[in-house]
Amino acid sequence: MSENKPKFRRESPELRREQLIEATLRVIARKGVSAATVREISAEAGVAFSLIRHHFKTKEDLMCAAYAYHMQKMAQLSLSSATDQTRPLADRLRQCIKDTLSPPVTNGAALQVWAGFIQMVPHDARMKQIHRDTYLGFRDTLEPLIAEALTANKTPWDPRLVEHKAIACNAVLDGLWLEGSMLPDMLPAARLIEVAETTLFAILDLPLATAPIDIPT
Numbered sequence: 072m073s074e075n076k077p078k079f080r081r082e083s084p085e086l087r088r089e090q091l092i093e094a095t096l097r098v099i100a101r102k103g104v105s106a107a108t109v110r111e112i113s114a115e116a117g118v119a120f121s122l123i124r125h126h127f128k129t130k131e132d133l134m135c136a137a138y139a140y141h142m143q144k145m146a147q148l149s150l151s152s153a154t155d156q157t158r159p160l161a162d163r164l165r166q167c168i169k170d171t172l173s174p175p176v177t178n179g180a181a182l183q184v185w186a187g188f189i190q191m192v193p194h195d196a197r198m199k200q201i202h203r204d205t206y207l208g209f210r211d212t213l214e215p216l217i218a219e220a221l222t223a224n225k226t227p228w229d230p231r232l233v234e235h236k237a238i239a240c241n242a243v244l245d246g247l248w249l250e251g252s253m254l255p256d257m258l259p260a261a262r263l264i265e266v267a268e269t270t271l272f273a274i275l276d277l278p279l280a281t282a283p284i285d286i287p288t
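In the working numbering, the protein residues as written are 72 to 288.
The following block contains the structure:
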């Protein structure tokens, strides 16, 4: 008589690292960076204290990995439609605006995590490099959209002009994301998206689209 025992499946190191990073982010979102001790993170992840040390040599290594993971995830959520060439340029731009200024990108947990890490950036060279890389990556994704918009509008452009406009567009989205995350009752997503669309389309000298794009309320 055979027994149907569940088969043991060893999780890959990459998956286990990701689980530890996500546990770290949950702790930071609830309690802040100062409370994210290795012991607290191991309890959140439901693993032995020593397992974190197995995957990350130091707590600083874990925090850097968590910051990079968080920033990359937020950028991916914001810009996933930017390269979708099956959609018109205006629709792609509006979708990026909507994704950047709507949950889950704009919510209390994402803001708490960002606020916890950002205070470390000026004092930690690795954190500063992660922030720089993510910022430039966001701009690098925006720049082809901007070049396409200028070309469509028959506006002469060079890389410096595209960079200038990418810096401006990024600043608008960053500012609205920050204020909307902190003051969601005063600045709901629909209002933020309206302001961002008006401003970014003006920066790019594009006609403001009028068709609805399922703006959240």
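Beta carbons: idealized from backbone N, C-alpha and C, even for Gly.
*Output the boundary residues of the alpha helix (DSSP H) element that contains G179.*
For this step, residue 179 is matched to residue 108 along the sequence shown. Looking at the DSSP string, the run of the alpha helix (DSSP H) that includes G179 is 179 to 189.
*If we call anything under 8 Å between Cβ atoms a contact, is A161 one with L277?*
Residue mapping note: residue 161 aligns to position 90 of the sequence shown, counting from 1. Residue mapping note: residue 277 aligns to position 206 of the sequence shown, counting from 1. Contact flag set, yes.
*For F127, the first and last residue of its enclosing alpha helix (DSSP H)*: As a working note, residue 127 is residue 56 in the sequence shown. Per DSSP, F127 belongs to no alpha helix (DSSP H) and is neither H nor E.
*Cβ contact check for the region 260 to 270 and the region 134 to 154: 3 or more pairs under 8 Å*: no
*In the DSSP assignment, find the unbroken alpha helix (DSSP H) run with S113 in it and report its ends.*
In the sequence shown, the residue the question calls residue 113 occupies position 42. Per DSSP, S113 belongs to the alpha helix (DSSP H) from 109 to 116.
_Taking the straight line between their C-alpha atoms, what separation do you get for D256 and S113?_
For the purposes of this step, residue 256 is taken as the residue at position 185 of the sequence shown. For the purposes of this step, residue 113 is taken as the residue at position 42 of the sequence shown. For D256 and S113, the distance between alpha carbons rounds to 35 Å.
*What are the boundary residues of the alpha helix (DSSP H) that R163 is part of?*
On the sequence shown, residue 163 is found 92 positions in, with the first residue counted as 1. Segment 160 to 171, the alpha helix (DSSP H) holding R163.
*Is N245 helix, strand or coil when you go by DSSP?*
Numbered from its first residue, the sequence shown carries residue 245 at position 174. According to the sequence shown, residue 245 is Asp rather than Asn. DSSP places D245 in helix when its eight states are reduced to three.
*Identify, in the order they occur along the chain, each residue of the same chain with its Cβ nearer than 7 Å to the Cβ of W185, setting aside the five sequence neighbours on each side.*
Here the question's residue 185 lines up with position 114 in the sequence shown. Result list for W185: empty, nothing under 7 Å.
*asked:* One question on the structure: do A136 and A116 come within less than 8 Å of each other, judged by their Cβ atoms?
replied: Translated into positions along the sequence shown, residue 136 becomes position 65. Translated into positions along the sequence shown, residue 116 becomes position 45. Taking 8 Å as the Cβ cut-off, A136 and A116 do not qualify as a contacting pair.
*When the Cα of L254 is compared with those of L275, G179, R231, which residue comes out closest?*
Within the sequence shown, numbered from 1, the residue matching residue 254 stands at position 183. Checking every option, the nearest Cα to that of L254 belongs to G179.
*Give me the Cα-Cα distance between Q200 and F188, rounded to the nearest whole angstrom.*
For the purposes of this step, residue 200 is taken as residue 129 along the sequence shown, with counting starting at 1. For the purposes of this step, residue 188 is taken as residue 117 along the sequence shown, with counting starting at 1. Near 13 Å, if we compare the C-alpha coordinates of F188 and Q200.
*Reduced DSSP category for M134 - H, G, I as helix; E, B as strand; rest coil*: Numbered from 1 along the sequence shown, position 63 holds the residue referred to as residue 134. Note: M134 maps to helix in three-state DSSP.
*Within the same chain, show all residues whose beta-carbon is closer than 8 Å to that of L172, passing over the 5 residues directly before and after it, in chain order.*
For the purposes of this step, residue 172 is taken as the residue at position 101 of the sequence shown. Cβ within range, chain order: L244, L247, W248, G251, A260, L263, I264, A267.
*Where does M257 sit, in a helix, a strand or coil, going by DSSP?*
For the purposes of this step, residue 257 is taken as residue 186 along the sequence shown, with counting starting at 1. DSSP places M257 in coil when its eight states are reduced to three.
*Under the three-state reduction of DSSP, which class applies to L86: helix, strand or coil?*
Start at 1 with the first residue of the sequence shown, and residue 86 comes out as number 15. In the structure shown, L86 sits in a helix (DSSP, three-state: H, G or I).
*Taking Q200 as part of the alpha helix (DSSP H), name the residues at either end of that continuous run.*
Here residue 200 refers to the residue found at position 129 of the sequence shown. Bounds of the alpha helix (DSSP H) holding Q200 are 196 to 223.
*In whole angstroms, what separates the C-alpha of L279 from that of V176?*
Walking along the sequence shown from the start, residue 279 turns up at place 208. Walking along the sequence shown from the start, residue 176 turns up at place 105. For L279 and V176, the distance between alpha carbons rounds to 24 Å.
*Through-space distance from L122 to R203, alpha-carbon basis*: Along the sequence shown, one-based indexing puts residue 203 at 132. Along the sequence shown, one-based indexing puts residue 122 at 51. If I take the Cα positions, the gap works out to 30 Å.
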